[in-house]
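To start, the structure under review is shown below, and the notes come after it.
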Amino acid sequence: MSSEISMKDLSVHDIHLENAFVYAIDTNLKVFAEAINVLSKISDQILLQPLADSLILTAYNSTKSAFAKIVLSSNFFSRFETPSNNEQNLNGEVYCRISTRNIGTKNVHLPSFENCQLELDPSADFAIIHMEQENTQIRKVYVLPMREHTTICDNVFTEKQRLKNKMATQAKVLLNLFGGFDCKEVRLDASANKLTAHRYIVREDLSRVRKTDVTIPIDHFEKFYIHVDTRIVISLRELRSILHFGNICGFTLNLHFDRPGRPMIVAIDENIDLTAEFVLATMDDFDAQQNQLPIYATKVTDSQDFYTTERKPVFGQEYFRQLRIATNNFFGIPELNLSKVTKTLEPVKDVASATENFIRKENTELFPKLAAISWGGMGGYLYGRRKGFIKKYFYTSIGLLVMTAFCYPNETIRVVRTGFEHSKMTWEEFKKSPDPDEK
63 MSSEISMKDL SVHDIHLENA FVYAIDTNLK VFAEAINVLS KISDQILLQP
113 LADSLILTAY NSTKSAFAKI VLSSNFFSRF ETPSNNEQNL NGEVYCRIST
163 RNIGTKNVHL PSFENCQLEL DPSADFAIIH MEQENTQIRK VYVLPMREHT
213 TICDNVFTEK QRLKNKMATQ AKVLLNLFGG FDCKEVRLDA SANKLTAHRY
263 IVREDLSRVR KTDVTIPIDH FEKFYIHVDT RIVISLRELR SILHFGNICG
313 FTLNLHFDRP GRPMIVAIDE NIDLTAEFVL ATMDDFDAQQ NQLPIYATKV
363 TDSQDFYTTE RKPVFGQEYF RQLRIATNNF FGIPELNLSK VTKTLEPVKD
413 VASATENFIR KENTELFPKL AAISWGGMGG YLYGRRKGFI KKYFYTSIGL
463 LVMTAFCYPN ETIRVVRTGF EHSKMTWEEF KKSPDPDEK
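To convert, note that position 245 of the sequence shown is 307 in the working numbering; the numbers rise steadily by one, no gaps.
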């Protein structure tokens, strides 16, 4: 069977798995593509665990120094179907393992399509991806071979509550922090009032490479709690891919870390449709390399191999430093104002784009639906106009809502589900006792 089938082939609609989990994605297609992309930066294989209410994506690299876990709830998908006669699959006891080489080449084309449907059957030898463009009527089907699965290491995702240092900020803040670094590892110094990133340099190269230090004040963070001053070294390659994922999707990142040798966990847990945890190994030894470290160190000792030497400024250096600061301040204000205007206009652009896509998708059905909704509101108004001021507007609202739900059933179900999940989450938080203040 060919790995790519176009619309001209009559058998394109017949390629399905009979007893499979079906995940249809439309509005969150870009987020799904970025999730696959960040996992492919960590590992050459992705583990997919289909459950009765979610889909879990897991990946880890060959040296066991980076782990990733992304959970997509049923609300993330526009359509979510589970097999009715496979209890083992529903319990999540089996999962699928797909090579990133196979899914990565198809993932490049995902943003250009409007709909995507993923079919998974852990007992089958392959997975199926349907991609469709409604405007051009182009439909593609990919058949992805699956590998034999092995055991997943889940214990690394239980350390978050034990890590004492916590920070929360937008991904763009940290992405700008590491923008000027071209090294493989970066050293982070966290204190009570700032976070400083240093270009990590091994001891024998101290005199041959340039040194880069960038500091972010505490007011750039939404949450900043450092239990004790900490210095750790982490891999910049995996961290940068995580920050790109959070920046493109607009997520707030929560960083949990502790002393060197214990993992750093980057978590996305404020979105009910998508939650994620990325576990990165840390180190402290100047001569250690990232690919030699496991996720946990056996013993943590204070390193005495680094030292500080004060260097006196050369002639004219202080003058040019002050001139550079003044120039940056002078030209930085218009740039900051422009960035604020651009950031303010981004939601307007998103709303305009969503409105255009909505009208284009509705096509000839838009005006009949608007007429039906208007008739529903008019009927409610006529029914309640002689029953008082409050009832008149109450019946009008009921008529509008009923006809809107009738014209847009899928969107109504999605809104009701989201509201129910928010209410349930609020009730669970209300029942919990308040956590004691951290000292």
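Just so you know, even glycine gets a beta-carbon here, dropped at the ideal spot from N, CA and C. Since the structure is predicted, the reported quantities are computational estimates derived from the model, not experimental observations.
#1: Which first and last residues belong to the beta strand (DSSP E) in which LEU113 is found?
#2: Going by C-alpha distance, which of GLY461, ILE327, GLU483, ASP335 is nearest GLN223?
#3: With DSSP collapsed to three states, give me the class of LYS246.
#4: Using the rule of at least 16 other Cβ atoms within 10 Å of the residue's Cβ for burial, across every protein chain shown, is LYS228 buried or exposed?
#5: Closest by CA to SER185, which one among ALA82, GLY438, GLU490, ARG479?
#6: Within the same chain, show all residues whose beta-carbon is closer than 6 Å to that of VAL84, passing over the 5 residues directly before and after it, in chain order.
#7: Rounding to the nearest angstrom, what Cα-Cα distance links PRO325 and THR344 in this structure?
#8: Report the residue from GLN107, ASP115, GLN111 whose alpha carbon sits nearest the alpha carbon of TYR122.
#9: Would you grab the beta carbon distance between VAL100 and LEU336 for me? Rounded to a whole angstrom, and I think it's under 8 Å.
#10: Count the other C-beta atoms from every protein chain shown that fall within 10 angstroms of the C-beta of TYR381, then say buried if there are 16 or more, exposed otherwise.
#11: Is GLY481 near ILE460, with beta carbons less than 9 Å apart?
#12: Does DSSP put LYS131 in a helix, a strand or coil?
#13: Across which residues does DSSP place PRO207 in a beta bridge pair?
#14: May I ask which residues mark the beginning and end of the alpha helix (DSSP H) holding PHE83?
#15: Just how far apart, CA to CA, sit ILE77 and PHE188?
#16: Identify every residue that forms a DSSP beta bridge with CYS158.
#17: Evaluate contact between the stretch 408 to 419 and the stretch 433 to 450, counting only Cβ atoms and requiring at least three cross-stretch pairs below 8 Å.
#18: Excluding five sequence neighbours on each side, which residues of the same chain lie with their C-beta closer than 6 Å to the C-beta of LYS226?
#19: Closest to GLN232 by CA distance: which of THR162, ARG249, LEU317 is it?
#20: From this set, ALA252, ALA86, LEU237, which residue's C-alpha is nearest LEU315's C-alpha?
#21: In three-state terms, what does DSSP make of ALA254?
#22: Between the Cα of SER105 and the Cα atoms of THR120, ALA338, VAL464, LEU239, which residue gives the shortest distance?
#23: Would the beta-carbon of PHE340 fall within 9 Å of that of PHE129?
#24: Considering only the beta carbon of each residue, do SER297 and SER127 sit closer than 9 Å?
#25: Which residues in the same chain as ASP331 place their Cβ atom closer than 6 Å to its Cβ, once the five residues preceding and following it in sequence are excluded?
#26: PHE175 and LYS131: beta carbons closer than 9 Å?
#27: Closest to PRO145 by CA distance: which of GLU80, ALA95, ASN137, SER102 is it?
#28: In the DSSP assignment, the beta strand (DSSP E) including GLU181 goes from what residue to what residue?
#29: Return the chain-ordered list of same chain residues with a C-beta closer than 6 Å to the C-beta of GLU473, the five sequence neighbours on each side being excluded.
#30: Just the Cα atoms here: how many angstroms apart are GLU300 and LYS103?
#31: Considering HIS306, what are the terminal residues of the alpha helix (DSSP H) in which it resides?
#32: Can you tell which of ILE278, GLU247, TYR287, ILE334 has the C-alpha that lies nearest to the C-alpha of VAL295?
#33: Quick check: the Cα distance between SER140 and LEU117, rounded to an integer number of angstroms?
#34: Would you check if the distance between the CB atom of PHE243 and the CB atom of THR274 is smaller than 9 Å?
#35: To which residues of the same chain is ALA254 closer than 6 Å at the C-beta, ignoring the five residues directly before and after it?
#36: Could you tell me which residues DSSP puts in a beta bridge with ALA259?
This is what the structure holds:
#1: Following the DSSP letters along the chain, one finds LEU113 in no beta strand (DSSP E), marked with neither H nor E.
#2: Looking at the Cα atoms, ILE327 is the closest of the given residues.
#3: DSSP, read as helix, strand or coil, puts LYS246 in coil.
#4: LYS228 counts as buried, since no fewer than 16 other beta carbons sit within 10 angstroms of its beta carbon.
#5: Residue ALA82 is the option with its Cα nearest to SER185.
#6: By the criterion of a C-beta distance shorter than 6 Å, VAL84 is surrounded in its chain by GLU143, GLU181, once the five residues flanking it on both sides are discounted.
#7: Going by C-alpha positions, PRO325 is about 6 Å away from THR344.
#8: Selected option, being the one with the closest Cα: GLN107.
#9: Under the criterion of beta carbons closer than 8 Å, VAL100 and LEU336 do not qualify as touching, at roughly 12 Å.
#10: By the 10 Å Cβ count, TYR381 comes out exposed.
#11: No, these two residues do not count as a Cβ contact at 9 Å.
#12: Annotated three-state conformation of LYS131 is strand, per DSSP.
#13: Residue pairing by DSSP places PRO207 opposite PHE188 in a beta bridge.
#14: Unbroken run through PHE83 is the beta strand (DSSP E), 83 to 87; no alpha helix (DSSP H).
#15: Going from the Cα of ILE77 to the Cα of PHE188 covers about 12 Å.
#16: In DSSP, CYS158 forms a bridge with LEU110.
#17: Judged by Cβ distances under 8 Å, the stretch 408 to 419 makes no contact with the stretch 433 to 450, as fewer than three pairs qualify.
#18: Closer than 6 Å at Cβ, skipping near neighbours: HIS289, ASP320.
#19: The shortest C-alpha to C-alpha distance from GLN232 to any of THR162, ARG249, LEU317 is the one to LEU317.
#20: Taking only the C-alpha atoms, the option nearest LEU315 is LEU237.
#21: Looking at ALA254 - three-state DSSP - the assignment turns out to be coil, as it is neither helix nor strand.
#22: Of THR120, ALA338, VAL464, LEU239, the residue nearest in Cα terms is THR120.
#23: For the pair PHE340 and PHE129, the CB atoms are nearer than the 9 Å cut-off.
#24: In this structure, SER297 places its C-beta atom within 9 Å of the C-beta atom of SER127.
#25: If we look at ASP331 and ignore the five residues flanking it on each side, its Cβ neighbours are THR337.
#26: Not in contact: PHE175 and LYS131 (Cβ atoms no closer than 9 Å).
#27: Out of GLU80, ALA95, ASN137, SER102, GLU80 has the C-alpha closest to the C-alpha of PRO145.
#28: Judged by DSSP secondary structure, GLU181 falls within the beta strand (DSSP E) whose first and last residues are 177 to 182.
#29: Nothing listed; no residue qualifies.
#30: Rounded to whole angstroms, GLU300 to LYS103 spans 7 Å at the Cα level.
#31: Its alpha helix (DSSP H) spans residues 298 to 311.
#32: Considering only ILE278, GLU247, TYR287, ILE334, the residue with the shortest C-alpha distance to VAL295 is GLU247.
#33: Going from the Cα of SER140 to the Cα of LEU117 covers about 13 Å.
#34: If you check the CB distance, PHE243 and THR274 come in under 9 Å.
#35: ILE288.
#36: Per DSSP, the beta bridge partners of ALA259 are LEU250, VAL276.
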